[in-house]
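Residue 25 is where the sequence shown starts when you use this note's numbering, and the numbers rise one by one after that. Idealized CB from N, CA, C, for every residue including glycine. From a predicted model like this one, the values you see are computed outputs, not experimental measurements. Scroll down for the structure; my scribbles are underneath it.
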Amino acid sequence: MNLLEHQGKQLLAQAGLRVPRGTVVTDADGAERAAAALGCRVALKSQVPSGKRGKAGGIRFAGSPAEARRMADSLLGSTLGDSVVGKLLVEQCAEIRDEFYAAVLNDPRGKCPLVLFSTSGGMDIEDDPAAIRRLAVDIRTGLTEAGARSLLDDLDLPGPVAAQLVSVLLAMYRLYANIDAELVEINPLALTGTGEVVALDSKITLDPGALERHAELLAEHLTGEDATGSELEQRGRALGLQYLELDGDVGVLANGAGLTMTTLDAVHHYGGRAANFLEIGGDAYTKAVPALGLVLGNPRVRSLVVNFCGAFARTDVMAEGVLTAIEELKPTIPIFFCIHGTGEEKAIQLVRERLGVDPFDTMDEAVRAAIDAAATAEEVVR
């Protein structure tokens with residue numbers, strides 16, 4: 025889940041970093057008012073999830089409220105990358121003396137957090153990787169002050185500037201850890217004419233698998249394209265899951281889009297109504313808890329079909345994930361399994377041992393049982 029610039033800056037400010045004053049607007053009138061309130065030269069920055077906005081013309085500068093209005097008129101409704109600009113961040117311009125680059129990210133090679141810093145911030149930093157210093161962090165200790173200072177060694181930075189940069193790196197790491205981020209990046213991290221280190225931009229990516237632990241971020245930052253569809257569908261997108269809410273009462277959890285659609289067809293064929301489409305595929309083990317949470321989040325669901333067919337993906341691994349999710353979420357609705365393919369003997373054994381039920385031999389049997397159970401539950405509820 026990628027946050028927009030103004031959303032990321034809000035988190036940076038809460039973490040103690042300096043950010044420019046600014047206001048998010050959605051029309052030219054708002055841009056004019058925002059510029060007048062700031063009372064200085066302003067930047068109008070398109071709030072879309074695209075990189076290189078400056079090069080693409082998505083960032084303009086205005087010296088007066090009237091000019092800000094004209095700039096906003098030209099930016100709003102324009103297309104930037106794959107996004108239509110629907111909102112702007114109107115922000116005070118900073119007098120930039122130097123531009124730095126700083127980031128904290130997940131390093132898949134080292135399997136640890138990695139802190140990056142460069143005195144060559146600004147556009148095209150990725151074209152000069154040799155200019156970026158790197159520090160792998162032991163997750164057990166986190167980033168220490170000594171570690172942050174080691175990134176600044178031999179850079180001939182004035183003492184007060186170095187002290188601010190150490191504080192910034194430590195705050196960025198704390199934020200990264202606290203919100204389970206995959207990336208916290210500031211580029212440029214500017215040294216202003218008054219000697220302050222200020223975050224002029226932000227890029228924050230949250231780990232979709234950890235969003236269940238951050239309901240406040242989901243509620244506050246699901247906007248724009250993410251804010252379409254039902255609440256459960258928005259949660260699904262934030263989690264990186266393809267979830268569609270339907271109007272039925274039989275929940276469906278299957279691996280792969282094709283098998284899921286086949287299961288939905290079977291539910292319809294036997295006179296039932298599916299409650300959802302959910303493409304979980306190879307994430308059945310790692311994302312079973314949030315996936316099952318989505319299905320159960322629909323209050324109309326009266327029963328659940330779990331249909332696994334393994335080829336390259338092992339059904340015992342998928343079953344392990346779903347069983348763990350069931351044990352954690354403790355659903356009260358009846359659940360009906362059908363499992364075939366690689367690892368099915370162990371998968372069936374796991375279901376018997378941990379739930380005390382036998383999977384059905386065929387998908388049709390499991391689906392019919394789920395439809396009957398949903399109908400019975402519906403009658404009881406009524």
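- Distance from the CA atom of D382 to the CA atom of F361, rounded to whole angstroms, is 8 Å.
- Assignment of T103 by DSSP, reduced to helix, strand and coil, places it in the strand class.
- Residue nearest to E240 within the set E29, A262 and K227 is A262 (criterion: CA-CA distance).
- For Q38, the enclosing alpha helix (DSSP H) begins and ends at E29 to Q38.
- Burial state of G219 is exposed, judged by a 10 Å Cβ sphere holding fewer than 16 other Cβ atoms.
- The three-state secondary structure of S74, taken from DSSP, is coil.
- One alpha carbon belongs to A92, the other to P44, and they sit about 17 Å apart.
- The residue among G272, A118 and T366 with its C-alpha nearest the C-alpha of I395 is G272.
- Nearest neighbour of F85 by Cα position, chosen from A55, K76 and G75, turns out to be A55.
- Counting along the chain, no beta strand (DSSP E) covers D53; the unbroken alpha helix (DSSP H) around it starts and ends at A52 to L62.
- Rounded to whole angstroms, the separation of the alpha carbons of A393 and L129 is 47 Å.
- Cα atoms of G146 and P212: separation of roughly 5 Å, rounded to the nearest angstrom.
- If you check the CB distance, G367 and G345 do not come in under 7 Å.
- Collapsing the DSSP output to three states places E123 in a strand.
- Straight across, the Cα-Cα distance linking P358 with T229 is about 37 Å.
- A90 has its alpha-carbon roughly 11 Å from the corresponding atom of R65.
- Contact holds between the region 109-119 and the region 65-74, because three or more Cβ pairs, one in each stretch, are under 8 Å apart.
- Of all C-beta pairs linking the region 93-102 to the region 119-133, fewer than three are shorter than 8 Å, placing the two stretches out of contact.
- When K311, G275, L207 and D148 are compared, the shortest CA-CA separation from P132 is found for L207.
- For the set L175, D152 and F384, the Cα lying nearest the Cα of R158 is the one of L175.
- Rounded to the nearest angstrom, the gap between the Cα atoms of A172 and A160 is 11 Å.
- Non-local beta-carbon contacts of K370 in its own chain, meaning distances under 7 Å to residues more than five positions away in sequence, involve D340 in chain order.
- In this chain, S174 is not harboured by any beta strand (DSSP E); it is covered by the alpha helix (DSSP H) spanning E169 to S174.
- Distance from the CA atom of A343 to the CA atom of Y200, rounded to whole angstroms, is 32 Å.
- H364: not part of any alpha helix (DSSP H); member of the beta strand (DSSP E) spanning I359 to G365, first to last residue.
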